[in-house]
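Participant: My numbering puts the last residue of the sequence shown at 304; the count rises by one with no breaks.
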Amino acid sequence: MKHMAVDAHCHLCDMKGFDLGKIDLAVNCAYDSGSARRVIAFAVAHPGKTVPVVGLSPQRCMHAGAEDEISDIFRMAGESKESILGVGEIGLDYNWADTPGKRRMQMKCFEMQVRIADELDLPVVVHSRNAVRDCIGGLSRLGNGVMFHFFSGSAVEAEEIVDRGWLISIPPLKSGGRLKAIGKVGLECLAAETDAPYVGRTPLDVVKSIQVIADVKGIGFHDAEEATGKSVKRLFGV
């Protein structure tokens with residue numbers, strides 16, 4: 067069965083054999099130079115079915131050559147005939163960055179990529195594990211759109227994010243804090259994702275995320291499906 071669902075964050079670059087005809091659109095995110103190459107190649111092979119987003123994730127930023135890798139990623143993106151539509155996933159992850167030095171390295175790479183997004187006038191997909199507050203601060207000067215993927219912050223942080231005109235993206239996992247956040251913000255500020263193949267198995271699992279949103283909001287599945295899809299398309303201009 068085909069859905070009009072939009073998967074706001076997945077890694078098609080790490081999947082084989084998924085039939086894109088079963089969903090409307092998938093935001094295909096990179097996390098390092100190798101996955102960025104695959105994201106761009108996938109977009110060329112499947113025009114109009116994916117949103118190619120490239121960047122160096124915080125987990126990959128804790129080594130001496132990280133800044134050079136970021137430069138390589140965006141040099142490669144600039145040379146591609148398929149334009150990237152976003153910068154990500156980038157951000158901070160304090161689960162992995164367990165020392166002040168590692169956190170400084172993550173922040174340096176985050177700020178570098180935020181500047182690139184600003185220069186390219188592209189939206190940003192943010193990874194913010196245990197670091198939502200610092201990610202908000204690192205984005206404070208950015209005038210572009212932002213989506214906090216796999217949102218795991220508080221309801222207060224969710225309200226602050228959407229007050230800035232940004233989106234929060236909901237994975238196919240329930241938690242009390244995430245349910246409270248969904249309840250606090252407007253439907254137009256929500257996206258639905260799978261983070262497949264690492265959380266959901268495939269982008270089809272986005273229907274589970276959409277159903278969570280629909281249940282909290284007390285609306286029908288198809289209304290939630292339509293609203294979350296429109297939010298993602300608006301963010302990336304597709």
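All C-beta atoms, glycine included, are put in the ideal place defined by N, C-alpha and C. Nothing here was measured: the structure is a model prediction, and the numbers come from that model.
Nearest-angstrom Cα distance between Asp90 and Glu292?
Facilitator: Those two C-alpha atoms are separated by around 11 Å.
Participant: Report yes if the CB atom of Pro118 is closer than 8 Å to the CB atom of Leu151, and no otherwise.
Facilitator: Yes; because the gap between Cβ atoms is below 8 Å, this pair is in contact.
Participant: Would the region 101 to 111 and the region 283 to 290 be scored as touching if the rule is three or more Cβ pairs under 8 Å?
Facilitator: No: the two stretches stay apart, fewer than three of their Cβ pairs being nearer than 8 Å.
Participant: Pick helix, strand or coil for Pro118, following the three-state DSSP scheme.
Facilitator: Strand at Pro118.
Participant: In three-state terms, what does DSSP make of Ser101?
Facilitator: Of the three classes helix, strand and coil, the one that applies to Ser101 here is helix, per DSSP.
Participant: Please go through the same chain and pick out, in chain order, the residues whose beta-carbon is closer than 7 Å to the beta-carbon of Cys127, but skip the five residues on each side of it.
Facilitator: Once the five neighbours on either side are set aside, the close Cβ partners of Cys127 are Met171, Gln172, Cys175.
Participant: Applying the criterion that 16 or more other CB atoms from any shown protein chain within 10 Å of the CB defines a buried residue, is Ala111 buried or exposed?
Facilitator: By the neighbour-count rule (16 or more Cβ atoms within 10 Å), Ala111 is not buried but exposed.
Participant: If we require 3 or more residues per run, which beta strand (DSSP E) segments fall completely within the region 107 to 160?
Facilitator: Runs of the beta strand (DSSP E) inside the region 107 to 160: 116 to 120, 152 to 159.
Participant: Which first and last residues belong to the alpha helix (DSSP H) in which Phe216 is found?
Facilitator: Looking at the DSSP string, Phe216 is not in any alpha helix (DSSP H), and its letter there is neither H nor E.
Participant: How do the region 253 to 260 and the region 200 to 212 stand: do at least 3 beta-carbon pairs fall below 8 Å, yes or no?
Facilitator: Contact fails: fewer than three Cβ-Cβ distances are below 8 Å.
Participant: Applying the 10 Å Cβ sphere with the 16-neighbour rule, what's the burial state of Ala130?
Facilitator: By the neighbour-count rule (16 or more Cβ atoms within 10 Å), Ala130 is not buried but exposed.
Participant: Exposed or buried, what is His288 when buried is set at 16 or more other beta-carbons lying within 10 Å of its beta-carbon?
Facilitator: So His288 counts as exposed.
Participant: If I'm right that Ser235 touches Ala258 with Cβ under 8 Å, what's the distance once you round it to whole angstroms?
Facilitator: About 7 Å separates the two Cβ atoms, so the contact holds.
Participant: So, helix, strand or coil for Ser270, using DSSP?
Facilitator: The question names Ser, but residue 270 in the sequence shown is Leu. Helix, per DSSP.
Participant: Would you mind stating whether Thr294 and Val93 have Cβ atoms separated by less than 8 Å?
Facilitator: Contact flag unset, no.
Participant: Taking its Cβ as the centre, do 16 or more other Cβ atoms sit within 10 Å of Arg267, making it buried, or is it exposed?
Facilitator: With fewer than 16 other Cβ atoms within 10 Å, it is exposed.
Participant: Taking Cβ positions, are Glu185 and Gly204 nearer each other than 8 Å?
Facilitator: No. Outside cutoff.
Participant: Between the Cα of Asp164 and those of Asn196, Phe214, Ile156, Ile248, spot the shortest distance and give me the residue it belongs to.
Facilitator: Nearest of Asn196, Phe214, Ile156, Ile248 to Asp164, Cα basis: Asn196.
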